[in-house]
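Residue numbering for the sequence shown follows our numbering, starting at 54 and increasing by one per position.
Glycine included, every Cβ here is placed at the ideal spot set by N, Cα and C.
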Amino acid sequence: MKPLDAIRLAGREVLPLIEGGKGIAISAGVSSGPWAAAGGIGTISAVNADSYDSQGNVIPQIYHGKTRRDRHEELVRYAIDGGIAQVQKAFDLSKGLGGLNINILWEMGGAERVLHGVLEKTKDLVQGVTCGAGMPYRLAEIAAGYGVYYYPIISSARAFSALWRRAYKKFSEFLGAVVYEDPWLAGGHNGLSNSEDPEVPEDPYPRVKLLRDQMREMGLGHVPIVMAGGVWYLRDWEHWIDNEELGPIMFQFGTRALLTKESPISDQWKLSLTSLKKESILLHRFSPTGFYSSAVKNNFLTELEERNTHQIAFSPELVGDLDTLLEVVPKHKGVFVTSGDRTRAMEWMAQGYTAALKTPDCTFIFVTPEKREEIRRDQTDCMGCLSQCRFSNWADNEKNSTRRKADPRSFCIQKTLQEIAHDGPIEDNLMFSGHNGYQFGLDPFYSNGYIPSVKELVERICTGD
Ligand SMILES: Cc1cc2nc3c(=O)[nH]c(=O)nc-3n(C[C@H](O)[C@H](O)[C@H](O)COP(=O)(O)O)c2cc1C
Ligand code: SF4
Numbered sequence: 054m055k056p057l058d059a060i061r062l063a064g065r066e067v068l069p070l071i072e073g074g075k076g077i078a079i080s081a082g083v084s085s086g087p088w089a090a091a092g093g094i095g096t097i098s099a100v101n102a103d104s105y106d107s108q109g110n111v112i113p114q115i116y117h118g119k120t121r122r123d124r125h126e127e128l129v130r131y132a133i134d135g136g137i138a139q140v141q142k143a144f145d146l147s148k149g150l151g152g153l154n155i156n157i158l159w160e161m162g163g164a165e166r167v168l169h170g171v172l173e174k175t176k177d178l179v180q181g182v183t184c185g186a187g188m189p190y191r192l193a194e195i196a197a198g199y200g201v202y203y204y205p206i207i208s209s210a211r212a213f214s215a216l217w218r219r220a221y222k223k224f225s226e227f228l229g230a231v232v233y234e235d236p237w238l239a240g241g242h243n244g245l246s247n248s249e250d251p252e253v254p255e256d257p258y259p260r261v262k263l264l265r266d267q268m269r270e271m272g273l274g275h276v277p278i279v280m281a282g283g284v285w286y287l288r289d290w291e292h293w294i295d296n297e298e299l300g301p302i303m304f305q306f307g308t309r310a311l312l313t314k315e316s317p318i319s320d321q322w323k324l325s326l327t328s329l330k331k332e333s334i335l336l337h338r339f340s341p342t343g344f345y346s347s348a349v350k351n352n353f354l355t356e357l358e359e360r361n362t363h364q365i366a367f368s369p370e371l372v373g374d375l376d377t378l379l380e381v382v383p384k385h386k387g388v389f390v391t392s393g394d395r396t397r398a399m400e401w402m403a404q405g406y407t408a409a410l411k412t413p414d415c416t417f418i419f420v421t422p423e424k425r426e427e428i429r430r431d432q433t434d435c436m437g438c439l440s441q442c443r444f445s446n447w448a449d450n451e452k453n454s455t456r457r458k459a460d461p462r463s464f465c466i467q468k469t470l471q472e473i474a475h476d477g478p479i480e481d482n483l484m485f486s487g488h489n490g491y492q493f494g495l496d497p498f499y500s501n502g503y504i505p506s507v508k509e510l511v512e513r514i515c516t517g518d
């Protein structure tokens with residue numbers, strides 16, 4: 054393995070190794086500080102991060118507002134306080150070494166307000182902001198306003214080109230790096246576009262080469278590209294290092310960084326990582342953001358798959374082959390379905406999936422009455438954590454509505470990510486993971502249940518292993 058040289062980034066000499074931002078409360082001050090102290094760049098998630106009371110206890114994010122708008126305001130406050138608290142913790146633990154960035158999702162509710170609120174208080178403690186999920190056109194202007202660098206996370210050269218032409222070229226001096234996140238392999242939300250087939254992963258090399266060619270034309274040949282998604286052993290990426298065609302390259306670790314002593318995920322989550330198999334990770338489209346995402350196929354995802362399978366088309370009137378009457382509860386309404394679907398629906402109802410819920414696509418899904426209650430409750434409790442939510446129809450606009458029907462085939466991502474981050478059951482919550490999570494079980498570094506410190510992990514990565 055070639056020696057891994059430090060790289061100059063945001064005015065600092067750092068190892069070209071980044072801990073990927075992970076919300077909610079997964080890449081927090083306790084893990085990103087040590088990552089920076091080890092010489093790399095730690096990323097603090099500022100997506101509804103935890104804040105602390107005067108005793109140092111996590112403040113539970115409980116909502117009192119009567120309306121979604123009121124609760125959204127509470128959420129923005131929690132997010133700003135949490136972001137600031139985590140940056141301060143990371144900064145203390147970093148001992149002034151390496152570098153620190155914060156991460157936000159552009160499509161999170163109140164993204165710009167949260168970013169302003171956190172940077173106002175932390176601009177001297179962090180060097181940059183990484184941001185993905187959506188097209189963060191205003192990211193550059195906001196970051197530059199605080200004198201910090203920006204790191205767009207994109208999954209194609211085309212997306213970067215659109216951002217550059219429309220907004221970023223005016224703020225080129227603050228572009229820290231461009232993060233290429235493999236949309237087939239990375240954990241968390243994935244930037245697959247409509248023209249890309251989720252079943253047909255593409256080799257990242259030509260895609261990154263295309264990005265570099267394009268960046269050279271823009272005068273950005275010197276700006277590093279961060280390869281994120283599917284990176285485990287650096288020895289597998291040796292040909293990317295000091296490669297003239299690709300120019301300066303850094304690597305980002307999301308999944309592998311989950312298993313360290315400092316990582317704040319629960320012990321049950323840590324324990325489960327070494328038994329992941331290749332087929333344990335599912336690239337799916339249930340997220341209320343509308344994006345693809347990758348997570349462990351546990352009971353939580355299996356139930357969502359089931360909801361989507363227990364689905365039939367209907368019409369209020371007899372049309373075409375929707376010619377068979379079916380009475381659905383809770384409203385005991387007669388609707389028309391195909392005769393085959395009527396048989397399937399009767400079978401599901403006989404199995405206890407007696408509650409029919411309408412989707413925005415003129416279909417019904419069949420769930421148990423308990424699940425229906427949970428879905429309704431979660432939709433009612435919505436606190437507007439996204440700019441647009443398919444599950445509750447909340448939107449961060451004047452009407453606070455997407456103007457579409459709420460979609461019961463999705464789920465409240467805020468609720469489940471808060472639960473799993475705070476010791477909730479890992480089988481019943483969304484457990485984001487990259488597709489190389491199965492490597493935990495194969496990599497001898499973790500044998501006999503060994504959990505490294507962040508420092509040990511960074512040192513290990515540097516060796517190529
Ligand atoms: C549990 C988990 C949560 C994540 N949350 C976020 C997030 O909030 N924002 C973000 O930009 N990326 C998020 N990611 C993506 C990582 O930052 C990183 O880019 C990605 O995991 C790299 O691919 P890998 O999983 O193959 O290492 C998340 C990844 C995981 C595994
Ligand atoms: S229902 Fe949607 S917008 Fe509301 S809190 Fe949940 S995920 Fe966020």
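Per DSSP, what kind of secondary structure is residue i in: helix, strand or coil?
i: F144; result: helix
i: L378; result: strand
i: Q180; result: coil
i: N156; result: strand
i: G241; result: strand
i: H552; result: One cannot answer for residue 552 here, as it falls past the ends of the chain, which runs 54 to 518.
i: R269; result: helix
i: S325; result: helix
i: M523; result: With the chain covering only 54 through 518, there is no way to say anything about residue 523.
i: A281; result: strand
i: Y131; result: helix
i: S195; result: Note that residue 195 is Ile in the sequence shown here, rather than Ser. Residue state, collapsed to three classes: helix.
i: V100; result: coil
i: M24; result: This structure gives no information on residue 24, because the portion of the chain shown stretches from 54 to 518.
i: G386; result: Checking the sequence shown, residue 386 turns out to be Lys, not Gly. Reduced to three states, the DSSP call for K386 is strand.
i: V276; result: coil
i: G185; result: strand
i: I60; result: strand
i: L68; result: coil
i: G95; result: strand
i: Q492; result: helix
i: K411; result: strand
i: Q404; result: coil
i: Y499; result: helix
Look at the alpha carbon of residue i and the alpha carbon of residue j, and state the distance between them as a whole number of angstroms.
i: M54; j: F306; result: 18 Å
i: G187; j: A193; result: 14 Å
i: G135; j: I318; result: 17 Å
i: I97; j: R430; result: 31 Å
i: L357; j: E255; result: 27 Å
i: R130; j: M271; result: 39 Å
i: E252; j: K174; result: 44 Å
i: K323; j: P189; result: 32 Å
i: S445; j: C465; result: 8 Å
i: I398; j: A310; result: At residue 398 the sequence reads Ala, which differs from the Ile that was named. Rounded to whole angstroms, A398 to A310 spans 44 Å at the Cα level.
i: D518; j: P257; result: 20 Å
i: T469; j: F485; result: 11 Å
i: F144; j: I137; result: 11 Å
i: V100; j: A78; result: 7 Å
i: L62; j: N489; result: 28 Å
i: P422; j: G274; result: 58 Å
i: V111; j: K262; result: 44 Å
i: G502; j: K75; result: 23 Å
i: D289; j: S346; result: 24 Å
i: N351; j: L483; result: 8 Å
i: S440; j: S454; result: 10 Å
i: R513; j: G487; result: 20 Å
Given a cut-off of 7 Å on the beta-carbon distance, is the pair residue i and residue j in contact?
i: R65; j: G149; result: no
i: G181; j: Y199; result: no
i: P413; j: D460; result: yes
i: F304; j: L68; result: no
i: S368; j: L379; result: no
i: P236; j: G244; result: yes
i: V390; j: I365; result: yes
i: A281; j: V232; result: yes
i: F353; j: D481; result: yes
i: I479; j: S325; result: yes
Quick check on residue i - is its C-beta less than 7 Å from some C-beta in chain C?
i: E509; result: The chain inventory of the structure shown lacks chain C, comprising one protein chain alone.
Quick one: does the C-beta of residue i sit closer than 6 Å to a heavy atom of ligand 3?
i: N154; result: Ligand 3 is not among the ligands present in this structure, which contains only ligand 1 and ligand 2.
Checklist entry - If you measure from each residue's Cβ to the nearest non-hydrogen atom of ligand 2, which ones come out under 7 Å, in chain order? => result G162, P341, D431, Q432, C435, M436, G437, C438, L439, C442, F444, S445, W447, C465, I466, Q467 and K468
Item to check | Every unbroken alpha helix (DSSP H) within the region 433-486, with a cutoff of 4 residues, ordered by chain | outcome: 466-474
Next on the checklist: For a minimum of 4 consecutive residues, which ranges assigned as the alpha helix (DSSP H) are wholly contained in the region 200-260?
Outcome noted: 210-219
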